[in-house]
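Have a look at the structure below before the remarks.
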Amino acid sequence: MRRRLCCQLVVAACCCVHVLIASSNHWVLKDDHIVQKLDSPFFMREPHNLMAFLEQIRYNDYVERSYVELLRKREQIAEHLRFSMRFGEDLAEQAKCAMDFYLLEKSMSYLKITPDQFRRINLPEHRVLRQATPLKTPPSSSNDGDLEPICGDYHELAVGPATYDHLESFQPEVLETAYVDREHDSNIGTANAELMRRFALDGLQRQPDSWKFHTLSSYYWRIRGNALQALPCARLATMLAPPEHKDIPLLSLGTILFRMGRLADAVLILSAAVEHAPQVAENHVVLASALALKHDFNRSQQHFDEAERLDPSTLPHTQQLRNFISCLENLTKKSSKIDSYVKYMKNELKEFKQLKYHISQHHERLVQQQLPLGARRFLDSRANSEDLHRRGQYCSTRTPSGSDEPILFCDFYSDMQMRLESQDIDIDVLERDLMANTESVIRQVSTEIRKQFNLEQLKAVKATKAT
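Numbers -22 to -1, 1 to 445, taken from mature numbering (1 follows the signal peptide of the UniProt record, and there is no 0), label the letters of the sequence shown in order.
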């Protein structure tokens, strides 16, 4: 009995010694010797606690496995960033087809006054006009040489749907800055413009309620590049014209807004022109062009098809516009693809951030179960701690209980701590790269091609090239 008790005490003593000395559950072969791995996560606070040891295995496996996945995600995001940059650069290069198209002066001819438009008005001869009607002189007149065909002096612009006064383009704050460039056309020289002024003025004075002379006046002001006067003339003509001729002033009004870059309102008015005269090919051509700039490519192609059916002679002109539509449609699709790709990369970055956070959480639990990496692990005086001393250290000042003197405590970074804080997986670097790349792509594609793709910008580019 006494012998058995002594044996039990010896075993217990050995167990106690084992707990105090053998704090590591991780041993490795080094230089033909089995030694403790001092920086092991299995250098446990409670090496005899089996449940803690099993949890430590689970945490460690998750951290190591997830870190490999984190590196894979980081490389994937970097590759996607490189791809999107190349894609954006290629897309900006392809956009030249659209810009070059609009910079051609002849390509703007479908937005100018044509001889067919004059013929469709069917104006009376000048001598007939003078013989048929008395002269009405506006209050502001002095002599014929100084007068201009200001339509508001001859007829009041009514309020209501007939004059489209509900549209944003006709609000006072918009009209104050209304601008349209001059319509330079070889068909209409300076002398012809002067004749148009006199004829429009004479017609307004003698027939102030005639839609024809208000339409002619809108043409005159378009040639002069005066949108502020051209708009009310076209609106008055639209109000006064009978249904069978209403598309003519509507086409002029819609064209003015088109040239001003007011595409939404231009499409609405040009659609009305097509509804009033669906048999006129020119109405379809101008509407199709406006729809193309609004990226409504299906409707645009439909109206081009109809214009070519009604008048096959428009084919050479519409083909140029179709080429432009194909270019712009391709750019729009690819721009949308870039937008979707950037959103996809942002989601990738979000997943990357979440995974790194979960790794940090599991690593924190891993650290809680193990002894600090400092001197408390140096149980064997012969242990080589050179690897640990080459590591970075982190220090904190603590004040032990019962003392007013602060003490500096320092410890070593673990492998995983150093890896998680390295630039290889720096989330800030990735976010900066993504934002910089995104801004670059949007600047090259969306801003220059889609968001700012309007007549005002193109006129500015054209003016710059001219100088």
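Glycine is no exception: its CB is placed at the ideal position from the N, C-alpha and C atoms. Bear in mind the structure is a predicted one, so any value in this text is a computation, not a measurement.
> At which residues does the beta strand (DSSP E) containing K8 begin and terminate?
Replying inline: In this chain, the beta strand (DSSP E) harbouring K8 covers 5 to 8.
> Is any heavy atom in the ligand FMN found nearer than 7 Å to the beta carbon of P227?
Replying inline: The ligand FMN is absent from the structure shown, which contains no ligand whatsoever.
> Considering only the beta carbon of each residue, do T296 and F282 sit closer than 8 Å?
Replying inline: Cβ distance < 8 Å, so T296 and F282 count as in contact.
>> Nearest by alpha-carbon distance to K272: which of A242, S313, P294, L299 is it?
In response: A242
> Can you give the Cα-Cα distance for D393 and N325, rounded to whole angstroms?
Replying inline: Approximately 28 Å, taken between the alpha carbons.
>> I want to know whether the segment 138 to 151 touches the segment 168 to 181 - three or more CB-CB distances under 8 Å.
In response: Too few Cβ pairs lie closer than 8 Å, so no.
>> Using 8 Å for Cβ pairs, my map puts L45 next to R397. What's the rounded Cβ distance?
In response: Note that residue 45 corresponds to Tyr in the displayed sequence, not to Leu. Contact annotation, Y45 with R397: C-beta distance approximately 6 Å; criterion of less than 8 Å satisfied.
>> Quick check on H133: does DSSP put it in helix, strand or coil?
In response: H133 falls in the coil class under three-state DSSP.
> Which residues does DSSP pair with I12 in a beta bridge?
Replying inline: L7
> Looking at the structure shown, is T92 part of a helix, part of a strand, or coil, going by DSSP?
Replying inline: coil
> Between L327 and E47, which are expected to be in contact by the criterion C-beta below 8 Å, what is the C-beta distance as a whole number of angstroms?
Replying inline: In fact, because the Cβ distance is near 15 Å, the residues do not count as touching under 8 Å.
> Rounded C-beta distance between M174 and Y157? I'm assuming under 8 Å.
Replying inline: Actually they are not in contact, since the Cβ atoms of M174 and Y157 sit about 21 Å apart, beyond 8 Å.
> If we ignore side chains and look at the alpha-carbon of each, how far apart do residue 469 and K311 end up?
Replying inline: Because the chain is modelled from -22 through 445, residue 469 falls outside the range shown and cannot be assessed.
> So I247 is in the alpha helix (DSSP H); what residue range does that whole segment cover?
Replying inline: 241 to 254
> So which of E151, T193, V407 has the shortest CA-CA distance to R97?
Replying inline: T193
> Should N100 be labelled buried (16 or more other beta-carbon atoms within 10 Å of its own) or exposed?
Replying inline: It is exposed - the Cβ of N100 has fewer than 16 other Cβ atoms within 10 Å.
> Does the Cβ of residue 490 have 16 or more other Cβ atoms within 10 Å, making it buried, or fewer, making it exposed?
Replying inline: Residue numbering for the chain in the displayed model covers -22 to 445; residue 490 lies beyond these limits and cannot be assessed.
>> Quick check on this structure: which residue in Q185, S188, I247 has the alpha carbon closest to the alpha carbon of H144?
In response: I247
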